[in-house]
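In my numbering, the protein residues as written are 145 to 406. Report on the following structure.
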């Protein structure tokens with residue numbers, strides 16, 4: 145049985161974590177597979193959106209702390225930082241850097257790295273049964289996977305500290321109220337809604353969406369002058385695409401545009 149199920153339908157890549165017995169806790173092999181699939185989707189012109197979800201009761205319970213070999217011998221300074229940099233951080237970066245819009249369809253518990261994996265996505269749909277947990281403090285650990293970068297940008301530093309200091313489970317409804325989730329849907333409608341959203345994105349102007357994603361993500365770390373310069377450059381690049389020309393032509397001709405992702 146594959147631990148990551150991958151399929152393509154209607155120019156949408158569907159990526160499903162498939163270790164329900166472990167609440168989809170991510171092993172190093174799964175992590176590397178996810179990174180590869182996201183990188184491939186980013187570069188593949190036939191893929192125009194990505195949906196990331198899980199099987200069973202959990203979206204992702206974080207990194208699999210039981211699956212790796214036990215540490216043996218003396219730890220060398222730099223080992224932990226290297227592991228985080230090449231592991232959890234690389235996974236989150238693959239989501240943030242993917243040139244296609246990525247939707248998280250959170251079907252259950254998203255804890256630790258699993259929560260950050262969902263929150264790194266461009267859009268987050270949550271089933272009513274979903275829960276988000278900054279579980280690190282419960283284990284005496286510092287958040288990884290970009291959590292201290294992502295959360296303050298989504299909900300502000302005070303709320304981020306509350307979640308990270310206490311490690312309490314956050315319901316889907318509360319996550320939506322705080323702005324961590326775009327929409328909460330009944331459990332039975334999660335797949336349908338995620339497919340509908342992905343289809344809308346996959347029929348949109350793919351390059352314009354990629355540039356928009358880059359602008360929004362970069363704006364959080366930019367001053368106004370830098371952000372305005374990036375916006376002007378993105379406009380310059382986008383106006384060379386076929387979809388931009390189609391968008392303008394369809395407006396002039398008073399018809400619906402037909403975007404090709406080019």
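Each residue gets a CB set at the ideal place from its N, CA and C atoms; glycine is no exception.
One thing to note: residue 277 has its Cβ within 7 angstroms of the Cβ of residue 255. In this structure, residue 270 places its C-beta atom within 7 angstroms of the C-beta atom of residue 328. Unbroken alpha helix (DSSP H) stretches of 4 residues or longer found wholly inside the stretch 229-255: 232-241, given in chain order.
Per DSSP, residue 257 is one residue of the alpha helix (DSSP H) stretching across 257-263. One thing to note: residue 197 has its Cβ no nearer than 7 angstroms to the Cβ of residue 162. At a Cβ-Cβ threshold of 7 angstroms, residue 191 and residue 342 do not count as neighbours. Listed in chain order, the beta strand (DSSP E) runs fully inside the stretch 307-387 are 313-315, 327-329, counting runs of at least 3 residues. Residue burial is scored here from C-beta neighbours: residue 406 has fewer than 16 other C-beta atoms within 10 angstroms and is therefore classed as exposed.
According to the DSSP assignment, residue 207 belongs to no alpha helix (DSSP H), since it is labelled neither H nor E.
Between the stretch 374-388 and the stretch 284-299 there are fewer than three C-beta pairs closer than 8 angstroms, too few to call the two in contact. In summary, residue 280 is buried, with 16 or more beta-carbon neighbours lying within 10 Å of its beta-carbon over all protein chains present. In terms of Cβ geometry, residue 258 and residue 201 do not form a close pair [threshold 7 angstroms]. DSSP places residue 179 in the uninterrupted alpha helix (DSSP H) bounded by 172-187. The shortest C-alpha to C-alpha distance from residue 300 to any of 360, 364, 180, 273 is the one to 364. Looking only at 195, 305, 169, 348, the smallest Cα-Cα distance to residue 210 is reached by 169. Beyond the five residues adjoining it in sequence on each side, residue 285 comes within less than 7 angstroms, by CB distance, of no other residue in the same chain.
Between the alpha carbons of residue 233 and residue 171 lies a gap of roughly 14 angstroms. Residue 302 is classed as exposed because its beta carbon has fewer than 16 other beta carbons within 10 Å across all chains shown.
In the structure shown, residue 220 falls within a coil segment according to DSSP collapsed to helix, strand and coil. For residue 153, the beta-bridge partners assigned by DSSP are 156.
Rounded to the nearest angstrom, the Cβ distance from residue 375 to residue 359 is 6 angstroms, consistent with a contact under 8 angstroms.
Your pair residue 268 and residue 324 checks out as a contact, with CB atoms roughly 7 angstroms apart and the cut at 8 angstroms. Here residue 243 is buried. Its C-beta has 16 or more other C-beta atoms within 10 Å.
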